[in-house]
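Engineer: If you use the working numbering, the sequence shown closes out at 402, no skipped numbers anywhere.
Dumping the structure here so I can ask a few things about it.
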Amino acid sequence: MFSFLATTTALSNTLLNLMFYPEAQREILAEVQQVLDNRSFQDLRQADLIELKKLDSFIKETQRLAPPSSLAVTREIIAPDGFTLSNGLHLPQGSYGAVAAKAIMHDPDIWGDPDKFDAMRFYKLRQRPGHNNMHQFVGQSDLDVNFGAENQACPGRFLVSYELKILVAYLLLNYDMKLADDSKTAIGSDTLGAKPNLKIGFRKKQIRLN
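Laid out in structure tokens, this is it:
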């Protein structure tokens, strides 16, 4: 249930941000058209989805500012003697520990201007030598544990990524969409939720682009 909720919220948050940042919306639409290279949308392949790097960055940046949960990688201490952290804090058996995912994603010591939405933040990071396969939406690191960590990471994250890219690409190709609202932001400060009473507009394109 949570995975379904997190996926649908990631989609709605991504779409709302695309409406709020029309320049990024146009840039990502151009990327989708370039990747399709005059082929029909029905011919979209898995390899094409991997090449949608700007869209991947946009989705990841959306999740950075509005992660699916404030805490991640929650674990129960089951060792009879408990567990002692490197700073000396002792956690007795039966207690719980978790990673403060949202706090990490908003840490100014890690992210430049962390409260600013930078659509191409992760796309630019991937342009660095040797970083092409890093900083992806499905990626794992000490700075991003939204999908879990190491061998306990969510195996469905790749499916989620493909679903989001397919849906967003289709909507961009076939619909004009914008905020029918003068809000300063499309997404609320809480996780798993857009701003209430937000008005949006969808209109089918006169000429289909797929």
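Every residue, glycine too, gets a C-beta built ideally from N, C-alpha and C.
Just so it is clear, the structure is predicted and the values come from calculations on it, not from any experiment.
#1: So, under 8 angstroms CB-CB, leucine 283 and isoleucine 269 are touching, yes? Tell me the CB distance rounded to an integer number of Å.
#2: Distance, Cα to Cα, threonine 254 vs tyrosine 288?
#3: To the nearest angstrom, how far is it from the Cα of arginine 320 to the Cα of aspartate 273?
#4: Using only the alpha-carbon positions, how far apart do leucine 263 and cysteine 346 sit?
#5: Using the three-state DSSP reduction, which class does serine 261 fall into: helix, strand or coil?
#6: Does the structure place the segment 227-240 close enough to the segment 355-372 that three or more beta carbon pairs sit under 8 angstroms?
#7: Kindly confirm or deny that the segment 326-333 and the segment 205-220 touch, where touching means at least three C-beta pairs closer than 8 angstroms.
#8: Compare the C-beta of alanine 293 with all C-beta atoms of chain D and state if any pair is closer than 7 angstroms.
#9: Under a Cβ-count criterion, where at least 16 other Cβ atoms within 10 Å of its own Cβ denotes burial, should lysine 294 be classed as buried or exposed?
#10: Who pairs with valine 291 in a beta bridge, going by DSSP?
#11: In or out: phenylalanine 194 buried (at least 16 other Cβ within 10 Å) or exposed?
#12: According to DSSP, simplified to helix, strand and coil, what is arginine 134?
#13: Helix, strand or coil, according to DSSP, for serine 204 in the structure here?
#14: From the DSSP output, which residues share a beta bridge with aspartate 368?
#15: For proline 300 and proline 260, I'd like the C-alpha separation in whole angstroms.
#16: Do tyrosine 315 and leucine 241 have their C-beta atoms within less than 7 angstroms of each other?
#17: With a 10 Å radius around its C-beta and 16 neighbouring C-beta atoms as the bar for buried, classify lysine 308 as buried or exposed.
#18: What would DSSP say about phenylalanine 339, mapped onto helix, strand or coil?
Structural biologist: Taking the geometry as given:
#1: Position 91 of the sequence shown, counted from the first residue, corresponds to residue 283. Position 77 of the sequence shown, counted from the first residue, corresponds to residue 269. Contact check for leucine 283 and isoleucine 269: beta-carbon distance about 5 angstroms, within the 8 angstroms limit, so the pair qualifies.
#2: Walking along the sequence shown from the start, residue 254 turns up at place 62. Walking along the sequence shown from the start, residue 288 turns up at place 96. Cα-Cα distance, rounded: 28 angstroms.
#3: Counting from 1 along the sequence shown, the entry for residue 320 is found at position 128. Counting from 1 along the sequence shown, the entry for residue 273 is found at position 81. For arginine 320 and aspartate 273, the distance between alpha carbons rounds to 45 angstroms.
#4: Residue 263 sits at position 71 when you count from the first residue of the sequence shown. Residue 346 sits at position 154 when you count from the first residue of the sequence shown. Here the alpha carbon of leucine 263 sits roughly 15 angstroms from the alpha carbon of cysteine 346.
#5: In the sequence shown, residue 261 corresponds to position 69, counting from 1. In this structure, DSSP gives serine 261 a state outside helix and strand, which the three-state scheme calls coil.
#6: These segments touch.
#7: Fewer than three pairs of CB atoms, one per stretch, sit closer than 8 angstroms, so the segment 326-333 makes no contact with the segment 205-220.
#8: Judged by its chain identifiers, the structure shown contains no chain D, having just a single protein chain.
#9: The residue you call residue 294 lines up with position 102 of the sequence shown. Lysine 294 counts as buried, since no fewer than 16 other beta carbons sit within 10 angstroms of its beta carbon.
#10: Residue 291 sits at position 99 when you count from the first residue of the sequence shown. Beta-bridge pairing by DSSP links valine 291 to Ala264.
#11: Here residue 194 refers to the residue found at position 2 of the sequence shown. Confidence at phenylalanine 194 is low in this model, with a pLDDT of 45, below 50, so its placement is unreliable and the value that follows should be read with caution. By the neighbour-count definition (other C-beta atoms within 10 Å, threshold 16), phenylalanine 194 is an exposed residue.
#12: Since the first residue shown for the chain is 193 and the last is 402, residue 134 is missing from the structure and cannot be characterised.
#13: On the sequence shown, residue 204 is found 12 positions in, with the first residue counted as 1. Collapsing the DSSP output to three states places serine 204 in a helix.
#14: Walking along the sequence shown from the start, residue 368 turns up at place 176. In the DSSP output, where bridge partners are listed per residue, aspartate 368 has Arg395.
#15: Locating residue 300 in the sequence shown gives position 108, counting from the first residue. Locating residue 260 in the sequence shown gives position 68, counting from the first residue. If you take the alpha carbons of proline 300 and proline 260, they lie about 20 angstroms apart.
#16: Locating residue 315 in the sequence shown gives position 123, where the first residue counts as 1. Locating residue 241 in the sequence shown gives position 49, where the first residue counts as 1. No; because the gap between Cβ atoms is not below 7 angstroms, this pair is not in contact.
#17: Here residue 308 corresponds to residue number 116 of the sequence shown, with the count starting at 1. Per the 10 Å Cβ criterion, exposed.
#18: For the purposes of this step, residue 339 is taken as residue 147 along the sequence shown, with counting starting at 1. Three-state result, phenylalanine 339: coil.
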